[in-house]
Amino acid sequence: MGGHRVLSLKQARRIALAAQGLSRGRTQQTISARKLVNTVQSIAQLQIDSVNVVRRAHYMPMFARLGEYDIESLDGILATAKSPLTEYWAHEASVVSAELVPDLRVWQRRTWIDKSDKFSAEQHDLSEQVLEFLAKNPRSSARDISQALDVAPAKSKEHWGWNWNDTKYVTESLFARAKILTLGRNTHFERRYALAEDVLATPIEVDESHRQEALERLIHRSLAAQGIATAHCVAEYFRLPIKDVKAYLTQLADVGQIERVQVRGLSEVCFMPLGTKIPRRIEEDLRLLSPFDSMVFNRRRLERFFNFEYRIEIYVPEPKRRYGYYVFPMLLGEEFVGRVDLKADRARGVLHAKSVHYEPGCQVRAEEPLRVELERMARWLKLENIQIGL
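Numbering-wise (the numbering used here), the sequence shown opens with residue 155 and increments by one.
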């Protein structure tokens, strides 16, 4: 590893947290729409998930980084045509910077979603009907389209989450190919579709012949969003092919366009953008990061950089869970100090920390900051009280 700059693990952690917008304390200032956009663009994506135990997943990272903000403001940005933010496939289904969609479209091929290569003649015909309908009726959900085009409901109701009729298969396939995109979601958390040209400020021009250029742009964006990263980290952020990512990172480092560094305690080589500054300190503002936060969704990165083992246990039978159903890692300064199983009990008006598990030696230091954070989150969620424990 001769010739590489050597960083301590503490320095690497600070770089990673700063890149993710988690280095400075939050204030009581009103959060503007521009601040929301800038925050999303700096980390490139907010992963979306339907679980609503506390709040929908894509809202939580903004609270962790900015504090109490107006959720309706973010919804408004996503529902606006030609917005700088929209929804597409990234690490998973995510709110993303709109300018990334053309590049992501080339690489985010979810074959389990896009079934268009196996469509029947009737489904291909329905695809054309959907496009024609959305040209006149933007902001329509798959349910709206089905009703308007008189498409039959799914024949089977046996699967809890995948009882799709033909409209749903068609709209998901068109969305995967970025023929249609979204202008927000409705109160049922359904995508409100529109033609891509009605959503994006500039037309999609990146095609298969520009795959390499698209990959390179995504690699640069991934590295910037993470601050310091192994090749695996860079690839995982947007689900890019590791072999291609590693080759390009090596090429960039060899010609001095990014920096190759060694982090003490890590066996893999890391990469950083040129000119990356190492923060002298991370403010000790305790934050609860949702299971789908971009700081923690790469569990391997979390373990290696922060020595914090974390798994989501939603699909684990209750008797076998170690920590709970919807567990938030607890970040205090530059250290993960524990985890909290959270639930917004809206009927009682209570933010309930059902269980709290501290890392060894961290309880005394974290107890009061945790209470402060729970109170702040409860205010944001418009809940009257907090409860810690059963």
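The beta-carbon is built from N, C-alpha and C at its ideal position, and this holds for glycine as well.
Since the structure is predicted, the reported quantities are computational estimates derived from the model, not experimental observations.
- Message: Relative to the C-alpha of histidine 158, which candidate in Arg476, Thr404, Ala501 and Gly487 has its C-alpha closest?
- Response: Thr404
- Task: Find out if the Cβ-Cβ distance for the pair leucine 113, alanine 218 is shorter than 8 Å.
- Result: This structure does not reach residue 113, given that the chain is present from 155 up to 544, and the question cannot be answered.
- Query: In or out: alanine 275 buried (at least 16 other Cβ within 10 Å) or exposed?
  - Reply: exposed
- Query: Would you report the Cα separation of alanine 368 and proline 256, rounded to the nearest angstrom?
  - Reply: 8 Å
- Item | At least 3 beta-carbon pairs within less than 8 Å: the stretch 501 to 509 vs the stretch 446 to 461 | no
- Between the CA atoms of histidine 245 and threonine 341 - distance to the nearest angstrom: 24 Å
- Message: Quick test of the definition: if touching needs 3 or more C-beta pairs under 8 Å, does the stretch 249 to 269 touch the stretch 323 to 337?
- Response: yes
- Message: Give me, in chain order, the residues of the same chain whose beta-carbon lies closer than 7 Å to that of glycine 492; leave out the 5 immediate sequence neighbours on both sides.
- Response: Met484, Val510, His511, Tyr512, Glu513, Cys516 and Ala520
- Item | Helix, strand or coil at isoleucine 382 according to DSSP, with G and I counted as helix | coil
- Using the rule of at least 16 other Cβ atoms within 10 Å of the residue's Cβ for burial, across every protein chain shown, is glycine 487 buried or exposed? buried
- Message: Tell me which residues share the same chain as isoleucine 396 and place their Cβ nearer than 7 Å to its Cβ, disregarding the 5 neighbours each side in the sequence.
- Response: Ala385, His386 and Ala389
- Message: If I follow the unbroken beta strand (DSSP E) through threonine 336, where does it start and stop?
- Response: 334 to 339
- Item | threonine 184 classed as buried or exposed, judged by whether at least 16 other C-beta atoms fall within 10 angstroms | exposed
- Considering only C-alpha positions, which residue in the set Arg465, Ile334 and Glu253 is nearest to alanine 289? Ile334
- Item | Residue(s) in a DSSP beta bridge with leucine 524 | According to DSSP, leucine 524 bridges with nothing at all.
- Can you list, in chain order, the residues of its chain whose CB lies under 8 Å from that of lysine 536, leaving out five sequence neighbours each side? none
- Query: Near leucine 406, what residues of its chain come up, given a Cβ to Cβ distance below 7 Å and the 5 sequence neighbours on each side ignored?
  - Reply: Ile412
- Message: Measuring only the C-alpha atoms, how far is isoleucine 358 from arginine 476?
- Response: 46 Å
- Item | Cutoff 8 Å: lysine 333 Cβ touching any chain C Cβ | The structure shown contains no chain C, having only a single protein chain.
- When DSSP labels each residue in this structure, what does glutamate 489 get in the three-state scheme? strand
- Residues near aspartate 352 by beta carbon distance below 7 Å, same chain, minus five either side: Ala235 and Pro292
- On the premise that glutamine 201 lies in contact with serine 448, defined as a C-beta separation below 8 Å, what is that separation, rounded to the nearest angstrom? 7 Å
- Item | Element boundaries [alpha helix (DSSP H), containing glutamate 351] | 350 to 353
- So phenylalanine 425 and alanine 383 are in contact, right, with Cβ under 8 Å, and what is the actual spacing, rounded? 6 Å
- Message: Quick check on the burial criterion: 16 or more other C-beta atoms within 10 angstroms. Buried or exposed for alanine 401?
- Response: exposed
- Query: Nearest-angstrom Cα distance between glutamate 168 and proline 433?
  - Reply: Residue identity differs from the one stated: residue 168 is arginine in this sequence, not glutamate. Spanning the two alpha carbons is a distance of roughly 6 Å.
- Mind checking tryptophan 314: buried by the 16 CB within 10 Å criterion, or exposed? Here tryptophan 314 scores only 42 on pLDDT, less than 50, and its place in the model should not be relied on; the value that follows carries that caveat. It is exposed - the Cβ of tryptophan 314 has fewer than 16 other Cβ atoms within 10 Å.
- Have a look at Ser294, Asp298, Ala302 and Tyr323 and flag the residue whose alpha-carbon is nearest the alpha-carbon of alanine 308. Tyr323
- Message: Restricting to Cα atoms, I'd like to know which of Phe482, Ser363, Asp271 and Glu422 is closest to valine 207.
- Response: Phe482
- Query: Going by C-alpha distance, which of Phe451, Glu463, Leu303 and Ala378 is nearest leucine 428?
  - Reply: Ala378
- Message: At the level of alpha carbons, what is the spacing between leucine 171 and serine 300?
- Response: 45 Å
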